[in-house]
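For reference, the structure is listed below as structure tokens.
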Ligand SMILES: Nc1ncnc2c1ncn2[C@@H]1O[C@H](COP(=O)(O)OP(=O)(O)OP(=O)(O)O)[C@@H](O)[C@H]1O
Ligand SMILES: [Mg+2]
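Residue numbers (this note's numbering), protein chains in the order written: chain A, 1 to 264; chain B, 1001 to 1083.
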């Protein structure tokens, strides 16, 4: 068996990389895939709390790379799925505590055991980025529909290509249909036109993300969450299914617009 | 339908966002690494030297970006054209 490693990256911080890793990983596990999540954000580890696994950490990524423990010892099993694991980042070390060569070696080992290795990349374009992309077969670029995030995403796409990740796929996160409708937020087409890479998914801005992060249970498991549904679609597309981009707008008929316009 | 929806759409700030992004990316994308420019320069020298004797030290290769596009500017002093 040989799995696939996918790095989730963005350039700009805070656009939803960790959220995306947790949801894609959990969504793949939900489908019975063997999945390991790799937190490469050394010094700012977060994936453990988003997954609700913060109390189970003994060893971390740096310990594995320095061969202070076996890979098996650093794998934390998820609470809900026995086919889902996390390798947490070290919290008290620097980004240069591991090297791209070590990351590559680790991914090579993990590929033998897992269908998917999902790597949470730190923000920025320095050492942490280089480590996170080193062992990746594919890349997902996360952005929000804002000028600075899209600009950074464009830069990251260039850097990914320089690292031989030629066909990164795009996730547009935190779309707010109401603002798009008013012409105050770039829509899917605008962002997609500018970045010109293939679109993997669109995630609405959804308070359920905050609620699920509070609880440490990714929204993808929640049948009532719009963002969860969007992430389930992303997972289906990763698995090669042809799922249309869902309409985020359930209130956009011209009639309703006229009603709002005349203040009804 | 399309006409109506356009009629009732306020012209919001997104047009500005798209416009500004397009411009800033023209500049961003035109920036290439010094390494790439150096390699380009060396290969240019090789090709041109087949036909002309050039002053390599006086040679300037630059990528400039103006409002809407990027231009590659090469200024290469020629000493002699080979025959
Ligand atoms: N679709 C969404 N709807 C609402 N909130 C969201 C959404 N996606 C992310 N958030 C929130 O935005 C914040 C940043 O998300 P996240 O930590 O996933 O970003 P990140 O890119 O990993 O950040 P960093 O660069 O710091 O690692 C979190 O508080 C998260 O709950
Ligand atoms: Mg993060």
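Positions of the beta carbon are idealized from the N, C-alpha and C atoms, including for glycine. The model shown is predicted, which means the values in this text are computed figures rather than measured ones.
query: Completely contained alpha helix (DSSP H) runs for the segment 6–74 of chain A, where each covers 4 or more residues; result: 17–30, 47–51, 61–65, 71–74
query: Separation of residue 1076 (chain B) from residue 1059 (chain B), as counted between CA atoms; result: 5 Å
query: Residue 201 (chain A), DSSP secondary structure in three states; result: strand
query: Within-9 Å CB hit, residue 164 (chain A) to chain B; result: no
query: Under 9 Å between C-beta atoms of residue 132 (chain A) and residue 119 (chain A); result: yes
query: Buried versus exposed call for residue 3 (chain A) [16 or more other C-beta atoms within 10 Å across all chains shown]; result: buried
query: When A:30, A:215, A:197, A:240 are compared against residue 52 (chain A), the one with the closest alpha-carbon; result: A:215
query: Residue 16 (chain A) Cβ short of 8 Å to ligand 1 heavy atom set; result: yes
query: DSSP state of residue 1014 (chain B) mapped onto helix, strand, coil; result: helix
query: Residues near residue 142 (chain A) by beta carbon distance below 7 Å, same chain, minus five either side; result: 8, 10, 15, 16, 17, 20, 171, 173
query: Distance between residue 1014 (chain B) and residue 1025 (chain B) (C-alpha atoms, nearest Å); result: 16 Å
query: Three-way DSSP call (helix, strand, coil) for residue 94 (chain A) in this model; result: coil
query: Integer-rounded CB distance, given that residue 165 (chain A) should sit under 8 Å from residue 134 (chain A); result: Their Cβ separation, rounded to whole angstroms, is 10 Å, which puts residue 134 (chain A) and residue 165 (chain A) out of contact at 8 Å.
query: Under 7 Å from the C-beta of residue 1021 (chain B): neighbouring residues of chain A; result: 147, 150, 151, 194
query: Rounded straight-line distance, which links the Cα of residue 116 (chain A) to that of residue 110 (chain A); result: 9 Å
query: DSSP three-state assignment for residue 1001 (chain B), whether helix, strand or coil; result: Because the pLDDT at residue 1001 (chain B) is just 48, under 50, the model does not fix this residue reliably, and the point stays unresolved.
query: Test: residue 183 (chain A) CB closer than 9 Å to a CB of chain B; result: yes
query: The segment 154–179 of chain A: positions lying closer than 7 Å to chain B by Cβ; result: 154, 155
query: Check: residue 209 (chain A) C-beta below 8 Å from any heavy atom of ligand 1; result: yes
query: CB contact flag (residue 238 (chain A), residue 200 (chain A), <9 Å); result: yes
query: Where residue 178 (chain A) sits in the DSSP three-state scheme; result: helix
query: Residue of A:26, A:49, A:149 minimising C-alpha distance to residue 82 (chain A); result: A:26
query: Residue 224 (chain A) versus residue 233 (chain A): straight-line alpha-carbon distance, rounded; result: 14 Å
query: Any C-beta of chain B under 9 Å from that of residue 48 (chain A); result: no
query: 8 Å Cβ shell around residue 1001 (chain B) - same chain, five flanking residues per side excluded; result: Because the pLDDT of residue 1001 (chain B) is 48, which lies under 50, any placement of that residue in the model is unreliable, and the question is left without a value.
query: For residue 69 (chain A) and residue 6 (chain A), the rounded distance between their alpha carbons; result: 24 Å
query: N- and C-terminal bounds of the beta strand (DSSP E) containing residue 1073 (chain B); result: 1070–1075
query: Inter-residue spacing [alpha-carbon to alpha-carbon] between residue 113 (chain A) and residue 30 (chain A); result: 17 Å
query: Nearest candidate by alpha-carbon position, reference residue 103 (chain A), set A:60, A:186, A:188, A:192; result: A:60
query: Near ligand 2: residue 122 (chain A) beta-carbon under 8 Å from a heavy atom; result: yes
query: Distance, residue 235 (chain A) Cα to residue 202 (chain A) Cα; result: 12 Å
query: Option nearest residue 130 (chain A) by Cα separation, candidates A:154, A:163, A:184; result: A:163
query: Beta-carbon contacts of residue 91 (chain A) that lie in its chain and below 6 Å, excluding the five residues immediately before and after; result: 45
query: Local Cβ density within 10 Å of residue 231 (chain A), reported as buried at 16 or more and exposed below that; result: buried
query: Rounded distance between the beta-carbons of residue 48 (chain A) and residue 39 (chain A), thought under 8 Å; result: 7 Å
query: Members of the segment 1035–1055 of chain B near chain A, C-beta cut-off 9 Å; result: none
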